[in-house]
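So the sequence shown is numbered by this note's numbering: it starts at 29 and just counts up by one.
Heads up, the beta-carbon is just placed ideally off N, CA and C, and yes, glycines get one too.
None of these values were measured; they are calculated from a predicted model.
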Amino acid sequence: MPWGMVATIAIALLAFALGQAVAAVLLSSWLGPAALAGPALPAHGGAVVLVVVAANVVQTVTLVLAARVKAGSAFAYLGLDVPGRRDLLVGLASLVALVVVADGVTLAAGRDLVPPVQIAVWRSAAAQGVLWLLWPALVLVAPIGEEILFRGFVFRGCARSEKSAMPTIVLTAFVFALLHVQYDWVGILLIFAVGLLFGWLRWRTGSTTLVILLHVVLNLEGMIETMVMAG
């Protein structure tokens with residue numbers, strides 16, 4: 029049996045808070061306390077790498093330990109299995125369709141395809157010589173950490189039936205989107221749509237590994253677009 033809903037949310041909040049606290053201490057030690065007084069993540073390539081890696085590693089370790097306390101296998105508890113080929117193809121097709129629609133709407137509205145903050149972080153990382161660290165941080169570490177939190181641990185404890193699945197899908201997508209404060213409201217809406225897709229796929233397939241892989245593909249596509257636009 030999974031953790032109860034209240035316990036699940038409490039543990040998830042604790043894991044998130046611990047990750048953010050460790051990242052904040054490391055960031056403050058490196059760049060000084062003033063780094064914490066600005067935006068959630070400054071347009072500083074090295075700082076982004078540090079915060080993403082530190083926060084997600086601490087958060088993920090905490091959730092894995094909590095899963096192991098409740099179940100014999102953290103992998104089974106968190107839905108970290110090998111997704112079926114059909115599920116993978118359906119997931120990829122759904123993600124591609126969503127990205128095409130989102131990019132089309134963005135361009136039709138006359139908005140930048142790549143948010144300025146992403147270009148700023150890329151150029152900063154390039155100037156600091158840490159692009160080789162930015163790629164794995166954003167393409168691998170961030171998707172793993174975020175999906176284990178939202179579609180892994182929280183989903184496992186809150187989506188206990190058909191009746192509770194849809195509210196869980198919507199609420200996790202909502203919080204997932206709100207955490208991306210570096211984007212404007214249009215970007216947050218698009219991330220909310222991605223969260224809905226990932227939540228639906230998690231419920232339909234039972235696989236967190238599937239949505240991790242799709243999140244990796246999404247972030248890789250975003251990094252490639254950023255590389256092209258940043259010149």
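Buried versus exposed, by CB contacts within 10 Å (16 or more), residue i
i           : result
residue 77  : buried
residue 139 : exposed
residue 190 : exposed
residue 144 : exposed
residue 179 : buried
residue 68  : Any answer about residue 68 is weak, because its pLDDT of 48 lies below 50 and its placement is not dependable; what the coordinates show is given next. When all chains shown are included, residue 68 counts as exposed.
residue 184 : buried
residue 82  : buried
residue 97  : exposed
residue 133 : exposed
residue 177 : buried
residue 61  : exposed
residue 206 : exposed
residue 195 : exposed
residue 254 : buried
residue 223 : buried
residue 218 : buried
For residue j and residue i, the rounded distance between their alpha carbons
i           : j           : result
residue 215 : residue 257 : 17 Å
residue 259 : residue 72  : 18 Å
residue 161 : residue 250 : 16 Å
residue 108 : residue 88  : 13 Å
residue 39  : residue 136 : 42 Å
residue 173 : residue 230 : 15 Å
residue 260 : residue 119 : No answer is possible for residue 260: it lies beyond the span of the chain, which begins at 29 and ends at 259.
residue 149 : residue 29  : 42 Å
residue 204 : residue 155 : 30 Å
residue 241 : residue 235 : 10 Å
residue 99  : residue 175 : 19 Å
residue 32  : residue 187 : 10 Å
residue 55  : residue 48  : 10 Å
residue 59  : residue 86  : 20 Å
residue 146 : residue 208 : 12 Å
residue 260 : residue 130 : Because the chain spans 29 through 259 in this model, residue 260 falls outside it and cannot be assessed.
residue 102 : residue 43  : 15 Å
residue 163 : residue 157 : 12 Å
Rounded Cβ spacing between residue i and residue j (contact assumed at less than 8 Å)
i           : j           : result
residue 104 : residue 79  : The Cβ separation is near 30 Å, so there is no contact.
residue 167 : residue 84  : Wrong, their Cβ atoms sit about 12 Å apart, outside the cutoff.
residue 110 : residue 237 : 7 Å
residue 227 : residue 197 : 3 Å
residue 126 : residue 225 : 6 Å
residue 159 : residue 165 : That pair is no contact at about 10 Å.
residue 121 : residue 106 : In fact, because the Cβ distance is near 25 Å, the residues do not count as touching under 8 Å.
For residue i, the nearest candidate out of the options (CA to CA)
i           : options           : result
residue 36  : 117, 129, 46, 182 : 182
residue 239 : 254, 201, 163     : 201
residue 211 : 164, 58, 184, 141 : 141
residue 57  : 254, 46, 112, 75  : 75
residue 45  : 91, 32, 60, 34    : 91
residue 112 : 153, 102, 233     : 233
residue 117 : 245, 223, 254     : 245
CB contact below 7 Å: residue i versus chain B
i           : result
residue 128 : Although the question refers to chain B, the structure presented lacks it and comprises just one protein chain.
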